[in-house]
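This note's numbering applies: residue 201 is where the sequence shown begins, and numbers increase by one.
Each residue gets a CB set at the ideal place from its N, CA and C atoms; glycine is no exception.
Keep in mind that this is a model prediction, so the values were computed, not measured.
Structure, as structure tokens:
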Amino acid sequence: MRIDILTLFPEMFAGVLGASILGKAADKGIVQYRLINFRDYSESKHGTVDDVPYGGGGGMVLKPEPLFNAVEAIREGGQPRVILMCPQGKRYTQQLAEELAQEEHLVLICGHYEGYDERIREHLATDEISIGDYVLTGGELPAMVVVDSVVRLLPGVLGNERSAACDSFATGLLEHPHYTRPADFRGWKVPDILLSGHHAKIERWRLKESLRRTKERRPDLLEQIELTPEMRSLLHELEAEQKNSGQAGD
Ligand code: 9D3
Numbered sequence: 201m202r203i204d205i206l207t208l209f210p211e212m213f214a215g216v217l218g219a220s221i222l223g224k225a226a227d228k229g230i231v232q233y234r235l236i237n238f239r240d241y242s243e244s245k246h247g248t249v250d251d252v253p254y255g256g257g258g259g260m261v262l263k264p265e266p267l268f269n270a271v272e273a274i275r276e277g278g279q280p281r282v283i284l285m286c287p288q289g290k291r292y293t294q295q296l297a298e299e300l301a302q303e304e305h306l307v308l309i310c311g312h313y314e315g316y317d318e319r320i321r322e323h324l325a326t327d328e329i330s331i332g333d334y335v336l337t338g339g340e341l342p343a344m345v346v347v348d349s350v351v352r353l354l355p356g357v358l359g360n361e362r363s364a365a366c367d368s369f370a371t372g373l374l375e376h377p378h379y380t381r382p383a384d385f386r387g388w389k390v391p392d393i394l395l396s397g398h399h400a401k402i403e404r405w406r407l408k409e410s411l412r413r414t415k416e417r418r419p420d421l422l423e424q425i426e427l428t429p430e431m432r433s434l435l436h437e438l439e440a441e442q443k444n445s446g447q448a449g450d
């Protein structure tokens with residue numbers, strides 16, 4: 201996969217793309233990152249990339265020429281996804297990460313406090329993405345979020361130790377609690393079942409605790425998944441526990 205990032209602040213990316221799993225993916229040749237300062241594609245001799253809005257008002261608007269020129273220079277005959285990072289975009293999810301991981305070429309466009317000329321949205325971008333409802337200073341951190349979530353899904357990037365297929369947002373449930381040694385830490389004990397060696401019972405306990413956690417913290421996720429008969433039966437157990445605790449607690 202090739203990932204081109206168009207930004208006025210390319211220096212923000214070196215650490216994130218060079219380190220850890222994202223860096224190793226590039227070293228292995230699974231992904232190639234290119235950082236492009238779209239100021240280099242400005243048509244003015246001073247490298248102007250923005251201008252005042254037609255119709256007046258405050259703020260600046262990113263001009264179309266630098267971004268169109270930059271995307272046209274890197275297109276290479278293919279049809280890359282051209283993704284505009286913007287607060288009004290579609291909310292980013294694991295499902296979209298999985299879709300983008302199928303592409304050969306992504307182009308991520310990062311704005312910075314200015315708006316985009318509407319013709320960039322209409323005639324250059326194929327997608328507009330927001331990573332959530334909070335205000336950042338630019339699209340660079342969101343672009344890093346997209347790169348991170350996509351690259352880890354590419355074949356060969358994650359070791360066998362942790363497959364992307366069992367991620368909590370891929371299964372639709374939150375993860376069950378995890379414990380490691382010691383079995384008793386300051387009097388706080390690891391649940392006996394985990395020390396029992398009964399693998400089938402442990403798997404059932406883990407699924408039950410995943411359901412408990414998802415029901416408590418993210419009931420919206422529970423409504424989106426298809427429940428297996430085992431999950432239904434465990435949810436009934438959880439409901440029964442709640443009723444019992446209600447009786448005992450009063
Ligand atoms: C309210 C008017 N705007 C400023 C002139 C809106 C605005 C534009 C751009 C506010 C912030 C930004 C910078 N943010 C992004 O470019 C951005 C973003 C975000 O702020 N939150 C979540 N996802 C994203 S993706 C790009």
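- Rounded to the nearest angstrom, the Cβ distance from residue 320 to residue 267 is 6 Å, consistent with a contact under 8 Å.
- Cα atoms of residue 234 and residue 335: separation of roughly 26 Å, rounded to the nearest angstrom.
- The beta carbon of residue 348 sits closer than 7 Å to those of 222, all from its chain and outside the five residues before and after it, given in chain order.
- Look at the segment 301-385 and you find these whole runs of alpha helix (DSSP H), each 4 residues long or longer: 318-323, 340-351 and 368-371.
- Rounded to the nearest angstrom, the gap between the Cα atoms of residue 390 and residue 422 is 27 Å.
- Exposure of residue 290 is indicated by the presence of fewer than 16 other C-beta atoms within 10 angstroms of its C-beta.
- The segment 371-381 makes no contact with the segment 249-261, as fewer than three CB pairs between them are under 8 Å.
- Per DSSP, reduced to three states, the secondary structure at residue 427 is coil, with no helix or strand assignment.
- Residue 276 and residue 270 have their C-alpha atoms roughly 12 Å apart.
- Contact between residue 316 and residue 284 holds: their C-beta atoms lie close to 7 Å from each other, under 8 Å.
- For the ligand 9D3, a non-hydrogen atom lies closer than 6 Å to the CB of residue 311.
- Judged by DSSP in its simplified three-state form, residue 207 adopts strand.
- Taking 7 Å as the cut-off, the Cβ atoms of residue 281 and residue 265 do not count as close.
- Residues 330 of the same chain have their beta carbon placed closer than 6 Å to that of residue 287, with the five preceding and five following residues left out of the count.
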